[in-house]
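Everything on this sheet refers to the single structure shown next.
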Amino acid sequence: TTAKNTTTTIDTRDYLVSSTVDSHGGGGCCVIATALNNHGVWADDKKFGLIEWCETKLHNKWWGETLRRGYQVIGSKMIVPMLNKNAVVRKYADWQFSNATNMLRGKKFNPLSVPLALAWITVMFATGSIVTKNFATKCWTSLYKKSKYRSICNICN
Numbered sequence: 005t006t007a008k009n010t011t012t013t014i015d016t017r018d019y020l021v022s023s024t025v026d027s028h029g030g031g032g033c034c035v036i037a038t039a040l041n042n043h044g045v046w047a048d049d050k051k052f053g054l055i056e057w058c059e060t061k062l063h064n065k066w067w068g069e070t071l072r073r074g075y076q077v078i079g080s081k082m083i084v085p086m087l088n089k090n091a092v093v094r095k096y097a098d099w100q101f102s103n104a105t106n107m108l109r110g111k112k113f114n115p116l117s118v119p120l121a122l123a124w125i126t127v128m129f130a131t132g133s134i135v136t137k138n139f140a141t142k143c144w145t146s147l148y149k150k151s152k153y154r155s156i157c158n159i160c161n
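For the sequence shown, this note's numbering assigns the number 161 to the last residue and increments by one with no breaks.
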């Protein structure tokens with residue numbers, strides 16, 4: 005299930021490919037959820053559930069697209085590189101990212117995660133306010149250009 009005007013396919017390795025044609029944020033992958041999934045920290049259904057929520061709640065809304073652009077930049081330039089280097093960081097990121105996204109979705113979350121979650125959300129929203137769609141798209145697609153996960157994002161193909 006995907007949002008209206010969203011094309012979604014699953015490649016042969018069962019990685020979600022998502023691109024929204026009329027989205028101001030450029031469509032694309034959920035870079036942190038994808039990294040956590042690629043490292044075996046997140047199950048496919050957890051990643052797919054987050055992507056589906058994003059497509060229905062954030063896509064094509066000015067504030068949602070602003071947050072998404074910032075997320076694409078901060079996630080691809082700061083968070084994913086840290087996840088790729090250290091298992092301890094992946095475990096903490098799983099806890100923090102799960103709680104932050106649960107908070108945004110109105111689900112149960114650990115109150116201890118709130119200060120840092122709000123800080124990241126603020127930074128992502130501020131970043132998304134000053135970057136263009138093209139810049140944000142280049143940031144997240146650059147993660148997959150020379151990667152074994154290249155085909156998870158149809159923009160990279």
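We treat Cβ as the ideally placed atom computed from N, Cα and C, and that holds for glycine.
Which whole-angstrom value is the C-beta distance of residue i and residue j, which I expect to be below 8 Å?
i: Ala-91; j: Leu-40; result: No, Ala-91 and Leu-40 are not in contact; Cβ-Cβ is about 12 Å, not under 8 Å.
i: Leu-54; j: Cys-34; result: 6 Å
i: Arg-73; j: Lys-137; result: 6 Å
i: Met-128; j: Leu-71; result: 6 Å
For residue i, which option in the options has the closest C-alpha, if you only look at C-alpha atoms?
i: Trp-67; options: Gly-132, Asn-138, Ile-55, Trp-57; result: Gly-132
i: Leu-147; options: Ile-78, Ala-130, Met-128, Asn-64; result: Ile-78
i: Ile-51; options: Phe-101, Gly-74, Met-82; result: It should be pointed out that residue 51 corresponds to Lys in this sequence rather than to Ile. Checked all of Phe-101, Gly-74, Met-82; the closest Cα to Lys-51 is Phe-101.
i: Pro-85; options: His-43, Ala-130, Met-128; result: His-43
i: Thr-145; options: Tyr-75, Lys-89, Thr-70; result: Tyr-75
i: Asn-103; options: Ile-125, Met-82, Lys-89; result: Ile-125
i: Leu-116; options: Ala-130, Arg-109, Trp-99, Gly-110; result: Trp-99
i: Ala-130; options: Asn-88, Asn-64, Glu-69, Phe-113; result: Glu-69
Span of the alpha helix (DSSP H) holding residue i?
i: Pro-85; result: 84 to 89
i: Val-45; result: It is not in any alpha helix (DSSP H) - Val-45 carries neither H nor E in the DSSP assignment.
i: Lys-142; result: 137 to 145
Check whether the Cβ of residue i lies closer than 7 Å to any Cβ atom in chain B.
i: Val-135; result: Among the protein chains of the structure shown there is no chain B, as only one such chain exists.
| query | Which ranges does the alpha helix (DSSP H) cover as unbroken runs of at least 4 residues, wholly within the region 59 to 116, from first to last along the chain? | reply | 66 to 78, 84 to 89, 91 to 109
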